[in-house]
Structure formats: structure tokens, C-alpha cells
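First to last, the protein sequences are chains A and B. Residue 41 in full-length UniProt numbering sits at position 41 of the first sequence; the count goes up by one each step and never skips. Residue 71 in full-length UniProt numbering sits at position 71 of the second sequence; the count goes up by one each step and never skips. C-beta atoms are modelled at their ideal positions from N, C-alpha and C, and glycine is treated no differently.
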Amino acid sequence: MLSFILRRLVIAIPTIILISVFVFTLQKLLPGDPVLAMAGEERDPQVLEYLREKYRLNDPIPVQYFTWIGNALTGDLGISLRTNQPVLELIGEKLPVTIQLATMAMLFALIIGIPAGIFSAVKKGTVTDYISNVVALSGLSIPNFWLGIMLILLVSVKWKLLPASGYVPLSEDPIRSITVMLMPAFVLGTALAATLMRHTRSAMLSVMSSDYVRTARAKGLVERKVILKHAFRNALTPIVTLTALLFGELIAGAVLTEQIFTIPGFGKLVVDAVFNRDYAVVQGIVLVTAVGFIFMNLLADVAYVLLNPRLRKQ
Amino acid sequence: MRDFSLRFRGAPSDQINHVNFSVSAGKTLCVVGESGCGKSVTSLAMMGLLPPGAATIRSGEMIFEGQNLDLSDNNAMRKLRGSRMTMIFQEPMTSLNPAFRIGDQIAESVLAHRNCTKAEAHDRSLAILKRVGIPAAEKRMRDYPHQLSGGMRQRVMIAMALVNDPALLIADEPTTALDVTIQAEILELIRDLQTETDMGTIMITHDLGVVAEIADTVAVMYAGTIVETGPAERIFNDPQHPYTIGLMSSIPQLTGPRGRLSTVPGMVPTTPNMPEGCRFATRCPFAQPICATEPPLAPLGDGHAVACHFAPLETHLEQSA
Numbered sequence: 001m002l003s004f005i006l007r008r009l010v011i012a013i014p015t016i017i018l019i020s021v022f023v024f025t026l027q028k029l030l031p032g033d034p035v036l037a038m039a040g041e042e043r044d045p046q047v048l049e050y051l052r053e054k055y056r057l058n059d060p061i062p063v064q065y066f067t068w069i070g071n072a073l074t075g076d077l078g079i080s081l082r083t084n085q086p087v088l089e090l091i092g093e094k095l096p097v098t099i100q101l102a103t104m105a106m107l108f109a110l111i112i113g114i115p116a117g118i119f120s121a122v123k124k125g126t127v128t129d130y131i132s133n134v135v136a137l138s139g140l141s142i143p144n145f146w147l148g149i150m151l152i153l154l155v156s157v158k159w160k161l162l163p164a165s166g167y168v169p170l171s172e173d174p175i176r177s178i179t180v181m182l183m184p185a186f187v188l189g190t191a192l193a194a195t196l197m198r199h200t201r202s203a204m205l206s207v208m209s210s211d212y213v214r215t216a217r218a219k220g221l222v223e224r225k226v227i228l229k230h231a232f233r234n235a236l237t238p239i240v241t242l243t244a245l246l247f248g249e250l251i252a253g254a255v256l257t258e259q260i261f262t263i264p265g266f267g268k269l270v271v272d273a274v275f276n277r278d279y280a281v282v283q284g285i286v287l288v289t290a291v292g293f294i295f296m297n298l299l300a301d302v303a304y305v306l307l308n309p310r311l312r313k314q
Numbered sequence: 001m002r003d004f005s006l007r008f009r010g011a012p013s014d015q016i017n018h019v020n021f022s023v024s025a026g027k028t029l030c031v032v033g034e035s036g037c038g039k040s041v042t043s044l045a046m047m048g049l050l051p052p053g054a055a056t057i058r059s060g061e062m063i064f065e066g067q068n069l070d071l072s073d074n075n076a077m078r079k080l081r082g083s084r085m086t087m088i089f090q091e092p093m094t095s096l097n098p099a100f101r102i103g104d105q106i107a108e109s110v111l112a113h114r115n116c117t118k119a120e121a122h123d124r125s126l127a128i129l130k131r132v133g134i135p136a137a138e139k140r141m142r143d144y145p146h147q148l149s150g151g152m153r154q155r156v157m158i159a160m161a162l163v164n165d166p167a168l169l170i171a172d173e174p175t176t177a178l179d180v181t182i183q184a185e186i187l188e189l190i191r192d193l194q195t196e197t198d199m200g201t202i203m204i205t206h207d208l209g210v211v212a213e214i215a216d217t218v219a220v221m222y223a224g225t226i227v228e229t230g231p232a233e234r235i236f237n238d239p240q241h242p243y244t245i246g247l248m249s250s251i252p253q254l255t256g257p258r259g260r261l262s263t264v265p266g267m268v269p270t271t272p273n274m275p276e277g278c279r280f281a282t283r284c285p286f287a288q289p290i291c292a293t294e295p296p297l298a299p300l301g302d303g304h305a306v307a308c309h310f311a312p313l314e315t316h317l318e319q320s321a
């Protein structure tokens with residue numbers, strides 16, 4: 001198992017290098033000059049030149065890349081052109097917020113999506129199946145921002161049950177922190193729940209018609225055990241993969257929800273950095289996100305092997 | 001099994017048509033027939049394993065250990081399944097759950113029906129695994145199905161089926177997917193275990209070699225009906241139904257003149273085109289207008305019975321000559 005993980009990590013290295021080169025080049029190709037953005041109204045060529053020199057923007061691009069990646073390896077992702085804060089510090093501030101949001105959203109998605117998927121597979125072709133499919137499709141089609149705004153109007157403004165926006169760090173007041181994030185997590189989670197439900201349903205359907213499920217029934221097991229143990233255990237593999245990929249997407253894709261609920265998370269950081277041509281921050285974010293994605297994929301692969309005895313080495 | 005008829009949802013006629021057969025303790029009944037003749041459906045129905053709502057039982061009853069079973073009572077059937085009445089299947093490669101150790105899969109069967117501890121279930125599973133001839137059974141208990149060969153997996157299936165000392169074993173083509181040497185070993189194993197435990201066995205097969213090897217009684221099935229039934233030697237030496245005769249003459253012979261193997265021409269009719277009356281009439285060389293009415297399964301003595309208007313065939317042939 002350990003050697004498997006190590007092998008996967010080694011394979012991840014070229015992927016990360018490739019992503020870093022790609023991001024760096026793409027940034028350079030974008031129109032717009034960060035120095036102009038920084039200098040604001042100031043158009044004095046001497047000031048601009050000083051800024052270029054200071055941020056080493058006059059170096060040849062390959063040199064800039066190696067300087068950046070070399071520093072990145074030591075944990076120095078550069079300094080934000082806008083706020084003068086170290087990029088790593090910025091990310092370290094914002095990432096936990098989004099991770100909390102994504103984790104809570106994922107929990108919502110799993111708690112709703114998987115049982116609904118199992119249920120509709122078991123009740124295939126019945127009214128229950130149709131109803132859950134319609135609900136799932138609605139969950140997929142309702143835009144996040146609309147659901148978010150409706151929830152704010154209803155739950156916060158009208159019923160005054162939950163706060164409409166804001167953020168409390170988990171370390172400060174765990175209960176309040178979770179309460180505040182309940183609504184945005186739900187909004188993010190519903191769309192994922194629908195995806196998960198559809199995938200769980202089809203995975204369960206294909207497994208339920210297999211010979212070993214018939215064997216389990218022939219043993220005289222109660223139906224609950226046939227479904228939850230013999231069928232679900234084998235349907236789990238695609239679900240785990242999907243969950244890992246969705247989680248990676250959640251981290252990057254929480255932008256809209258974070259905007260609606262004014263959560264100071266990763267998404268907001270990305271948007272601000274792109275608009276301000278804050279190169280160092282954008283590069284840092286993409287690099288961290290890529291590493292995160294690769295890590296989630298690695299987790300999925302490990303889970304794959306744990307779930308499937310056929311893949312385990314002797 | 002008495003007068004058992006079954007119809008799939010939406011089908012115009014009965015897939016299984018007034019089927020009768022019985023097996024006593026310690027004996028083997030072979031149900032023989034071509035693919036699609038309803039052998040497997042009948043056996044799944046007996047176990048209560050047909051998907052709910054897929055078929056309705058149109059008539060008949062099943063009497064098991066003196067009890068008239070209600071095949072639609074899921075809970076009662078579930079308690080019998082895997083304990084008193086068990087089944088092994090054609091495909092050993094896919095019939096075991098790939099995600100669990102085989103020891104646990106056998107023990108699960110014990111725990112489902114017996115009030116015992118996990119350790120007792122484990123010991124019982126180990127004993128039966130040894131009995132079905134798995135070498136190094138202790139170690140194999142911890143193996144996953146993919147680590148075993150097809151023959152080994154079928155032994156595990158047999159162990160799983162026999163771990164609770166059933167009164168009836170239904171074996172649905174248990175050797176079809178195995179190669180010939182393994183087939184013989186598995187058949188021998190089933191026969192040995194049967195003599196030891198005195199259980200009744202229903203062997204579903206299309207392989208007349210298997211029938212010759214293991215059967216006490218034979219029921220020949222054609223398009224959902226039993227066309228002939230009787231003691232094995234009677235069926236082999238004195239087949240009376242034209243279909244049985246056709247089946248027997250399709251067995252290759254080691255002696256006698258060489259030539260093309262004889263076959264029964266045509267295909268088994270299926271539901272939308274099911275002929276009225278005798279279902280074999282469309283392929284029968286002796287068919288007459290009278291065959292448009294359904295022939296009853298008429299006894300010929302010694303437990304031999306045939307569903308043909310012209311039985312016994314010899315008398316009929318003499319008369320018409």
C-alpha cells in the first residue's frame with residue numbers, strides 16, 4: 001500500500017510541473033499590465049520602471065518562471081502585488097474558510113444523494129423513483145445563486161432563523177461558525193446531491209442485477225442486508241471517485257456562493273486577484289488548487305484499492 | 001411441485017405450464033431440456049427468487065417437508081432459503097461477491113439462520129470448506145473470490161449451500177461453466193455429499209451426460225411443460241416422447257456407424273408463438289391433427305409418465321403400420 005502511494009506521488013510530480021508551466025505562460029499571454037494596475041493614475045515612466053525592476057518583470061520569462069518555481073519549493077509563493085501580503089499567507093487565510101464550506105456542502109450532498117440514489121434504484125420504476133428523479137433533476141437545474149437568494153429571503157429575512165451572510169472562524173466559536181455556514185453549504189450541496197444521486201442510482205442498478213446479489217438472496221439474507229452490504233459495497237467504487245472529484249471542484253467552484261453569502265473565502269480571493277492582475281496570487285492559487293486536486297485524486301485511488309480486493313497486491 | 005403454472009408480466013401465455021415433479025430425500029431429480037425451456041425459471045420460482053412483480057403464479061402448489069409453501073410470502077421463503085432449501089448457480093465466476101472474503105461469505109449464511117456466535121459460524125464454515133475439498137482451507141477462508149479458480153469457486157458455492165444442512169439442494173447447471181475434468185469432480189462431490197446428508201437434489205441441466213451420471217429420476221422439460229418423467233434408466237432405455245427420443249439420439253455414440261449427429265430440427269417456441277395443444281407439435285415428426293389438444297401427462301407404470309397422445313409409441317407405430 002505504501003509503495004502504491006509513493007508511486008502515485010512520483011507520477012504526480014510531472015503533472016504539477018506541467019500545470020505550473022502552463023499557468024505561468026498563460027498569465028504572461030494575458031493582455032494587461034500589472035504594473036499599470038499597481039501604479040494607478042501614476043504614469044511616470046520612472047515609477048513604472050522602478051516597479052518592473054522591483055518585481056523582476058524585466059527578466060526573461062524562463063528566468064521569471066524558475067525564480068518563481070524555485071521560491072515556491074521553499075514555500076515562498078511571492079508577494080501580492082496589491083496588498084503586499086505574502087501569497088502563502090493570503091491563501092492560508094482564505095483556504096480553510098472554503099474547505100469548511102466545501103466539507104459541509106459535501107456532507108449535505110452525501111447525506112441526501114446516496115440514500116436517495118439507493119432508494120430510487122431499489123424502487124426502480126415506481127412512483128417513488130420518479131419523484132426522486134424529478135427532485136434530483138430540479139436540484140441540478142436550479143441555479144445556485146437563485147436558490148441562495150431565495151433561501152436568504154425566506155430563512156433569514158422572513159423567518160429570521162439563520163444569518164444571511166458572514167463568517168465566524170471555526171476556532172473562535174465552532175457552533176456559531178457551523179450555523180452561519182449552514183445555508184451556503186446547503187445551497188452548494190444540493191446540486192452535488194443530485195449528481196451523486198444519479199450516479200448512485202445507476203451504479204446500484206447495475207450491481208443489483210449481478211449474480212452475487214442473487215446469491216446473497218439465495219442465502220436467505222434480509223433484503224436490507226442484500227442491498228446495503230452486498231450491492232452497495234460494490235457500487236461504492238464509482239461513488240468514491242465521483243466524490244473526490246466533486247470535492248476538488250467544490251473548492252474551486254464555490255465562487256458564486258461565496259459572493260452571495262459574502263463569505264471571505266478562496267473564491268473571492270481568486271476573483272479579486274484575476275481582476276487586479278495580481279499575478280503572484282493567481283499563480284499561487286492555481287498551484288495550490290492543482291496540488292489539492294491531485295491529492296484528492298490520490299485519496300480516491302487509495303480508496304479504490306481499499307474497496308476492491310482485486311487491485312490489492314499480494 | 002404440483003400443477004405449477006407461471007406467467008411473466010405482459011405475456012400472452014404461461015411460460016411454465018402445469019409442471020409436476022417431486023424429489024425425495026437422498027434422491028436426485030434431473031430436470032433436462034434445451035436452453036429457454038423454463039428450467040431455470042422454475043428453479044428460481046421454487047426458491048422465491050424471481051424479481052418481485054416479474055411473474056405471477058397462475059396455478060399449483062409447492063409442498064416441501066410436508067408444508068404447503070406460499071411462494072409469495074417473502075419472509076417465510078427467506079427463512080427457508082439458505083437453510084432448508086439452497087441453490088447453486090451456473091456461473092461460479094460471478095456468483096460470489098468480489099468484495100468479501102469467502103470465509104465471511106459462508107459464515108454469513110450460518111449467521112443468517114442460526115443463533116450462534118461468529119466464532120461458531122467460522123468453525124462451521126471451515127469444516128464445510130474442508131469437506132468440499134478445498135486444500136489449505138484455513139488459509140483459503142481469508143481469500144477473496146478472485147484468488148480462486150472456477151472449480152474452487154464452485155466448491156465454495158457448494159460449501160455455502162450446504163453449510164446449514166439443507167433438505168433440498170437446487171443446482172442450476174452447476175458444471176456447465178467448468179471444464180470437463182472439474183465437472184466430473186464437482187458432480188462426484190455433490191453425489192457424495194448427498195449420500196452423506198440424505199438431502200434431495202434437483203439438478204437442472206441440458207447435459208445428458210450429467211443426467212446419466214447422477215440422476216435417480218428424470219423430468220424432461222420442453223417449452224415450459226414436462227413432456228416425460230420417470231426413473232433414469234427407463235428414460236434412457238425406453239424413451240417414449242418424440243422429444244426425448246430426439247434428445248437421446250443426439251448423444252454421440254462411441255460404437256456404431258459414423259455420420260452426422262442427429263438433432264431435433266427447429267427451435268423451442270417462445271411465448272408469442274406458443275402453439276395451442278401439444279407444445280412440441282411444431283417440431284414433431286409424428287404430429288397429427290389431434291396434437292392441437294393438450295396431451296395429459298399419462299402414467300405408463302413404474303413412475304414413468306409421458307405427455308403424448310401416441311404413447312406408448314411402439315403400440316401406436318404397430319397400429320399405424
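For chain A, is any of its Cβ atoms less than 8 Å away from the one on Leu-189/B? no
Local conformation of Tyr-222/B per DSSP, three classes: strand
Express the C-alpha separation of Thr-257/A and Leu-30/A in angstroms, rounding to a whole number. 27 Å
Can you tell me whether Pro-163/A is helix, strand or coil according to DSSP? coil
Through-space distance from Gln-46/A to Ile-13/A, alpha-carbon basis: 41 Å
Simplified DSSP assignment, three categories, for Gly-113/A: helix
Nearest CA to the CA of Pro-101/B: which residue from Ala-76/B, Gln-147/B, Ala-127/B? A small fix is needed here, since residue 101/B is Arg in this sequence, not Pro. Minimum Cα distance to Arg-101/B is reached at Gln-147/B.
Check whether chain B comes within 8 Å of His-230/A, counting only Cβ atoms and requiring the distance to be less than that. yes
Cβ-based neighbour list, Ala-112/B, same chain, cut-off 7 Å, excluding 5 preceding and 5 following: Gly-82
Identify which residue in Phe-275/A, Asp-278/A, Ala-254/A has its Cα closest to the Cα of Thr-98/A. Ala-254/A
Same chain, Cβ closer than 7 Å to Ser-20/A, five either side skipped, listed in chain order: Ile-69, Leu-287
Would you verify that the beta carbon of Ala-99/B is, or is not, closer than 8 Å to some beta carbon of chain A? yes
Have a look at the DSSP bridge pairing and note the partners of Glu-61/B. Arg-2/B
Starting from Val-187/A, trace the alpha helix (DSSP H) both ways and give me its first and last residue. 174-208
Nearer than 7 Å: is that true of the beta carbon of Gln-15/B relative to any heavy atom of the ligand ZN? With respect to the ligand ZN, the structure shown offers nothing to examine, as it has no ligands at all.
Check whether the Cβ of Arg-214/A lies closer than 8 Å to any Cβ atom in chain B. yes
Among Thr-289/A, Val-135/A, Leu-107/A, which one has its Cα closest to the Cα of Ser-120/A? Val-135/A
So which residues of chain B does Gly-253/A contact, with C-beta pairs closer than 9 Å? Under the 9 Å cutoff, chain B gives no residues; its nearest Cβ is about 32 Å from Gly-253/A.
Outcome for Tyr-50/A when other beta-carbon atoms lying within 10 angstroms are tallied against a minimum of 16: exposed
Residues in the stretch 79-94 of chain B having any Cβ partner in chain A nearer than 8 Å: Lys-79, Leu-80, Arg-81, Gly-82, Ser-83, Thr-86, Met-87, Phe-89, Glu-91, Thr-94
Any beta carbon of chain B sitting closer than 8 Å to that of Arg-310/A? yes
Using 8 Å as the limit for Cβ to Cβ distance, is Val-222/A near chain B? yes
Got a sec: is the Cβ-Cβ distance from Met-160/B to anything in chain A below 8 Å? yes
For Ser-109/B and chain A, any beta-carbon pair shorter than 8 Å? yes
How would you label Arg-153/B, buried or exposed, when you count the other beta carbons within 10 angstroms and need 16 or more for buried? buried
What separation, rounded to the nearest whole angstrom, lies between the Cα atoms of Ala-171/B and Ala-223/B? 20 Å
Is Asp-172/B helix, strand or coil by DSSP? strand
How close, in whole Å, do the beta carbons of Gln-90/B and Ala-177/B come, if the pair is a contact with beta carbons under 8 Å? 6 Å
Using a Cβ-Cβ cutoff of less than 7 Å, which residues in the same chain neighbour Arg-142/B once the five nearest sequence positions on both sides are dropped? Arg-101, Gly-103
Can you find a C-beta in chain B that's less than 8 Å from the C-beta of Asp-76/A? no
Chain A contact for Met-47/B (CB, 8 Å cutoff): yes
Fully enclosed by the stretch 19-65 of chain B, which alpha helix (DSSP H) runs are 4 residues long or longer? 39-47
Going by DSSP, what residues sit across from Met-152/B in a beta bridge? Answer is none; Met-152/B lacks a bridge partner.
Would you call Gln-15/B buried or exposed, if buried means 16 or more other Cβ atoms sit within 10 Å of its Cβ? buried
Below 8 Å between beta carbons: does that hold for Met-203/B and Gly-150/B? no
Per DSSP, the bridge partner or partners of Pro-299/B: Ala-305/B
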